[in-house]
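Quick notes on the structure that follows.
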Amino acid sequence: MAKTKTQYVCQKCGRVAAKEMGKCPQCGAWNSMVEEVVTTSKNSGIRSRTNLNLNSQPTRLSEIEGDPEARLHLPIEEFARVLGGGIVPGSVVLIGGDPGIGKSTLMLQVAATMAREAGPVLYVSGEESTRQIKMRALRLDASADADDLYLVAETDLVAILAHIENLQARLVIVDSIQTTYNGELTSAPGSVSQVRECAARLTALAKSSGLAMFLVGHVTKEGNLAGPRVLEHMVDTVLYLEGDRHHAYRLLRGVKNRFGAISEVGVFEMREAGMVEVANPSEAFLAERLINAPGSAIAVTMEGTRPLLVEVQALASTTAFGNPRRTPNGVDFNRLLLTSAVLTRRLGVRLVDQDVFVNVIGGLQVQEPAADLAIAMAIASSVKDRAIAADLVLIGEIGLSGELRAVGQLPARLHEAAKLGFRRAIIPKMLRGGNALPNELEVTQIRSAREALKLALVAT
970 MAKTKTQYVC QKCGRVAAKE MGKCPQCGAW NSMVEEVVTT SKNSGIRSRT NLNLNSQPTR
1030 LSEIEGDPEA RLHLPIEEFA RVLGGGIVPG SVVLIGGDPG IGKSTLMLQV AATMAREAGP
1090 VLYVSGEEST RQIKMRALRL DASADADDLY LVAETDLVAI LAHIENLQAR LVIVDSIQTT
1150 YNGELTSAPG SVSQVRECAA RLTALAKSSG LAMFLVGHVT KEGNLAGPRV LEHMVDTVLY
1210 LEGDRHHAYR LLRGVKNRFG AISEVGVFEM REAGMVEVAN PSEAFLAERL INAPGSAIAV
1270 TMEGTRPLLV EVQALASTTA FGNPRRTPNG VDFNRLLLTS AVLTRRLGVR LVDQDVFVNV
1330 IGGLQVQEPA ADLAIAMAIA SSVKDRAIAA DLVLIGEIGL SGELRAVGQL PARLHEAAKL
1390 GFRRAIIPKM LRGGNALPNE LEVTQIRSAR EALKLALVAT
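In the working numbering, the protein residues as written are 970 to 1429.
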């Protein structure tokens, strides 16, 4: 006999409580506890040992067949880079991003490409009709020869599983997991239990049949994937599509990958024809750079294993208020405060009456400390109204004493700078040798930011 009970589930972390709460006791989120009615049957528990029917058997590792390179070829190279070289059969990929950032556009391009490369692809849409998807496909020119691409507008999990089984698809895209529901549960679509159950059923199907699956997920206002955090643990790969809707560039970033390196980044440009790969992101980010402009410095940041050259701009202006402002765009606010304090205390750059604005061109987010030196020199250049040498790149983390600290993967950063035509580089003093530095660059190793300030600014 079926029984019903009422419980309260946190939409952010998945914590279950027996009574209503204004604040989640686990993650501390306010107004995140949602009421759910759960129906259980008498036979829904774990079966007894005597009645257990084992469908699986333990197998020796040496007897399991598997080619580590058996991946489905994905011609979209920037996407393949983030996945680790291609799509692994049987894998489940969760991709999230802000509304309107281009998730559905990118997924439709992947679906059309894989339909031509690997065979039947099923695109399941819970938010758009098939006619709307067709209109987008015509705009993207994605339907010309994609005869094996099938579309269905469906949200019922049972119907979706039946379509997948009948079609024998090699790749399935569910857009989005929050709209999918299981009729066996009484909770509303998008609730914690629905998202968790639907993702679990789809993941189990992918693992048992060997098909690859992409799940598109909504994000919260904080930028995290909506639904229980257990969803990220259930899938093999978690990707975020990032970018500013006012800029053309989009970054596809991997934050979890069981089949490749994490923190890899693919760079795309949003155009009328869809997401276009950016083969040389550094050159694109520096294309509109104004040479010999005060307040402009070039940093070399690492996005996964890829070095990117970005322009850091700073502007210091006399404040009209009692407390000068520090306004970052693309850099961490606390790193900007630290850098400003070091410039004032250790280098004698007067900022007490200056509003400081720092911007990373292209809508990028630079989080690593290796950009500290470029940020500091850009601010000093603006204050002193003296330009930084146009052929110079600046790499290094700044300590509170004004010292420069080493950063990782210096050779890769310098080789990328040399490839783009830069001729000079200022880096921290290397205590250990053995790193092969490019001969095309004049590399200056220093110990403090004060030395960098003397070398970086062009004499007037």
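Glycine included, each C-beta is placed from N, C-alpha and C at the ideal position. In this text the structure is predicted, and so the values were computed from the model without any measurement.
query: Whose C-beta lies closer than 7 Å to the C-beta of E1372 among residues of the same chain, with five residues either side of it excluded?
result: R1416 and S1417
task: Please list the segments of the alpha helix (DSSP H) lying wholly inside the stretch 1332-1405, counting only runs of 4 or more residues, in order along the chain.
output: 1341-1353 and 1379-1388
- request: Compute the Euclidean distance between the alpha carbons of M1399 and G1365, then round it to the nearest angstrom.
  value: 11 Å
task: Assuming V1121 contacts V1093 (C-beta within less than 8 Å), just tell me the rounded distance between them.
output: 6 Å
- request: Less than 8 Å between the CB atoms is what I'm expecting for T1087 and L1118, so what's the real figure, rounded?
  value: Here residue 1087 turns out to be Ala, not Thr, going by the sequence shown. Contact doesn't hold; Cβ gap of about 11 Å is too wide.
task: Mind checking who M990 pairs with in its DSSP beta bridge?
output: Answer is none; M990 lacks a bridge partner.
task: Return helix, strand or coil for A1122, following the three-state DSSP convention.
output: If DSSP states are grouped into helix, strand and coil, A1122 belongs with the strands.
- prompt: From G1229 to G1054, what does the alpha carbon distance come to, in whole angstroms?
  reply: The alpha-carbon atoms of G1229 and G1054 are separated by roughly 8 Å.
query: For Q1078, is the classification buried or exposed, using 16 other Cβ atoms within 10 angstroms of its Cβ as the cut-off for buried?
result: buried
message: Assuming contact is defined by CB atoms lying nearer than 8 Å, are L1184 and A1168 in contact in what I supplied?
response: yes
task: State the Cα-Cα distance for the pair T1288 and T1296, rounded to the nearest angstrom.
output: 12 Å
field: Inter-stretch contact (C-beta, 8 Å, three-pair minimum) for the stretch 1229-1249 and the stretch 1270-1278
entry: yes
- request: Would you identify the three-state DSSP class for T1274, choosing helix, strand or coil?
  value: In the structure shown, the three-state DSSP call for T1274 is coil.
message: For E1411, count the other beta carbons within 10 Å of its own beta carbon; 16 or more makes it buried, fewer makes it exposed. Which is it?
response: exposed
query: Just to confirm, are R1139 and V1204 a CB contact at a threshold of 8 Å?
result: No, they are not a contact pair.
- prompt: So the beta strand (DSSP E) R1219 belongs to, where does it begin and stop?
  reply: Y1218 to N1226
message: If you follow the alpha helix (DSSP H) that F1302 is in, where does it begin and where does it stop?
response: F1302 to R1314
message: Do L1255 and L1278 count as a contact pair if the criterion is CB distance below 8 Å?
response: Annotated as proximal: L1278 and L1255, with beta-carbon spacing under 8 Å.
Unbroken stretches of the alpha helix (DSSP H), 4 residues or longer, contained in the stretch 1167-1245: 1199-1203
- prompt: Leaving out five residues before and five after A1343 in sequence, what residues of the same chain have Cβ atoms less than 7 Å from its Cβ?
  reply: Excluding the 5 residues flanking it on each side, A1343 has same chain C-beta neighbours closer than 7 Å at A1266, I1267, A1268, V1281 and L1363, in chain order.
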